[in-house]
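**Student:** Counting in the UniProt record's numbering, the sequence shown tops out at residue 360, every number present.
One structure, pasted below without further comment.
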Amino acid sequence: MTVVPGVNSAHIKNFGDLKAAARNGARQAVWDFLEGGAGAERSVAANTDEFDRWVFRPRILTGSKPPSLATTYLGWPLRMPVATAPFGADGLFHPDGQLAVAGAAQDVGALALAPHVSTHPLEKIREVAPESALMFQLHPVGSLTNFRRLVRRAESAGYRGLVITADCPTAGYRDRNLANQFVYEDVMRGNYQGEKDHAEEMFGEFRAMSQPLWTFDYLAEALAETSLPVVIKGVLTGEDALLSAEMGAAGVIVSNHGGRQLDCTPATLRQLPEVVEAVGGRISIAVDGGIRRGTDVLKALALGADLVVIGRLAAMGLCAGGRDGVRRALEMLAAEMVKSLALLGRSSIAEVDRTMLQPA
Ligand SMILES: Cc1cc2nc3c(=O)[nH]c(=O)nc-3n(C[C@H](O)[C@H](O)[C@H](O)COP(=O)(O)O)c2cc1C
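Dropping the structure here:
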């Protein structure tokens, strides 16, 4: 792993500090790629704004113990109910990219979701986080043969599960990237480095994002030979959550890709109850989009999520200070969650429920 000298995130005390440090560490086009979204960025704004629509109903004198954030996801123990999102082109933010992210997640007992189009190969990412319950994210594109090549590599490397990103049949219409004429393909090829004869064909399939065959049935066929649990990412409706459960998925991630794909979607937090009602209890439910604070995590859990996933927050940590910066972002979330749980009169994640919230 590259060691970048002089990086120290001790001065980062809150989300504002983190954002400022990240902003400092990135050139304009990279910052626009990180922060921006599709179209007029209405989905991006909706995601964060939705958290302000809920406020807490604290209980007093509950005699609760100092809170623990320990939980399980798909049966795996975690020290906090948080995963880092799969974000590709990660070498734009720091040379260590997802090596730093997976390492930081392991440091604090969070889950990491390593992306298909990472800067470093999936095997190297597994090497820096050998003890954690790492998952590998795949785009359902291209031929079955090439898709299964990557599934087999994830299995051999010891990944514990797969995340299928289903909301990306084509890249979103991202105004800022278009204005910047931003090209970043060279930092998305980590997983093709070891493919020798197939590298160009496989990357070509990813670039084309051609998915005429990729339906729920086709995906089930593509995954028939793996015993790894599969989670479908990009679900926004009860209907698709139900279809995911029926195809045998172990979970879904309620997500609009951080508002980077289709603009003018509802906030993911708004859609969460619909998904919980459709499949709650049958499969695990994670949510991402707009999580910036520990209180945001608690609101998502109170509305029925088992796990929350952080994208930009982790990417900002990476920009701000590599592994140290991502760890700092995760530690800030955890610290605020612990304090807030205590102030809500709760001792554990199991005690987080809907009665904790009311509309603002
Ligand atoms: C810079 C960046 C790159 C991303 N790349 C991917 C990707 O390769 N695959 C994927 O499934 N999602 C990708 N995402 C979406 C995230 O996984 C996640 O859904 C989103 O960031 C959550 O919203 P948030 O950023 O508000 O936390 C990316 C997000 C960002 C910010």
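Where is the CB? At the ideal position from N, CA and C, for every residue including glycine.
Values in this document were obtained by computation on a predicted structure and should not be read as measured data.
1) Mapping DSSP to helix, strand and coil, what is D288?
2) Counting along the chain, where does the beta strand (DSSP E) carrying K233 start and finish?
3) Going straight from the alpha carbon of I253 to that of S143, what length do you get?
4) How long is the line joining the alpha carbons of A157 and G190, rounded to whole angstroms?
5) Short of 7 angstroms in beta carbon distance, which residues of its chain neighbour A241, apart from the five on each side in sequence? Order them along the chain.
6) In this structure, how does DSSP classify M188 when only helix, strand and coil are distinguished?
7) Suppose contacts are defined by Cβ-Cβ distances below 7 angstroms. Is S284 in contact with T268 by that definition?
8) Could you check the C-alpha separation between K299 and V352 for me, to the nearest Å?
9) Please name the residue, chosen from L113, E195, G37 and V128, that lies closest to G161 on a Cα-to-Cα basis.
10) At which residues does the beta strand (DSSP E) containing Q358 begin and terminate?
11) Less than 6 angstroms separating the Cβ of F203 from some heavy atom of ligand 1?
12) Using the Cα positions of G289 and A179, report the straight-line distance between them to the nearest angstrom.
13) Once DSSP output is grouped into helix, strand and coil, what is the label at M209?
14) For F93, collect the residues of the same chain with a Cβ closer than 6 angstroms to its Cβ; drop the 5 residues on either side in sequence, then sort them by chain order.
15) Distance, Cα to Cα, F15 vs R293?
16) Taking the straight line between their C-alpha atoms, what separation do you get for residue 409 and L303?
17) So, under 8 angstroms CB-CB, I164 and L134 are touching, yes? Tell me the CB distance rounded to an integer number of Å.
18) Name the two residues that bound the continuous beta strand (DSSP E) containing W31.
19) Looking only at its chain, what residues have a beta carbon closer than 6 angstroms to the beta carbon of W214, apart from the 5 residues adjacent to it on each side?
20) What separation, rounded to the nearest whole angstrom, lies between the Cα atoms of L333 and V151?
21) Assuming L243 and F216 make a contact with CB atoms under 8 angstroms, what is their CB distance in whole Å?
**Tutor:** Let me lay it out:
1) strand
2) For K233, the uninterrupted beta strand (DSSP E) segment begins and ends at V230 to V235.
3) Near 24 angstroms, if we compare the C-alpha coordinates of S143 and I253.
4) Spanning the two alpha carbons is a distance of roughly 15 angstroms.
5) Contacts found: V235, V252, V275, A278 and V279.
6) The answer is helix: DSSP assigns M188 an H, G or I state.
7) No, Cβ-Cβ distance for S284 and T268 is not below 7 angstroms.
8) Each residue's alpha carbon lies about 9 angstroms from the other.
9) L113
10) L357 to P359
11) F203 has its CB no nearer than 6 angstroms to any heavy atom of ligand 1.
12) 24 angstroms
13) coil
14) Closer than 6 angstroms at the Cβ level, and outside the excluded window around F93, lie A315, L318 and C319.
15) So the two alpha carbons sit approximately 7 angstroms from each other.
16) No statement about residue 409 is possible, as the shown extent of the chain runs from 1 to 360 and does not include it.
17) Rounded, the Cβ-Cβ distance is 16 angstroms, inconsistent with contact.
18) Taken as a continuous stretch (DSSP letters only), W31 belongs to no beta strand (DSSP E), being part of the alpha helix (DSSP H) at Q28 to E35.
19) P140
20) 32 angstroms
21) 5 angstroms
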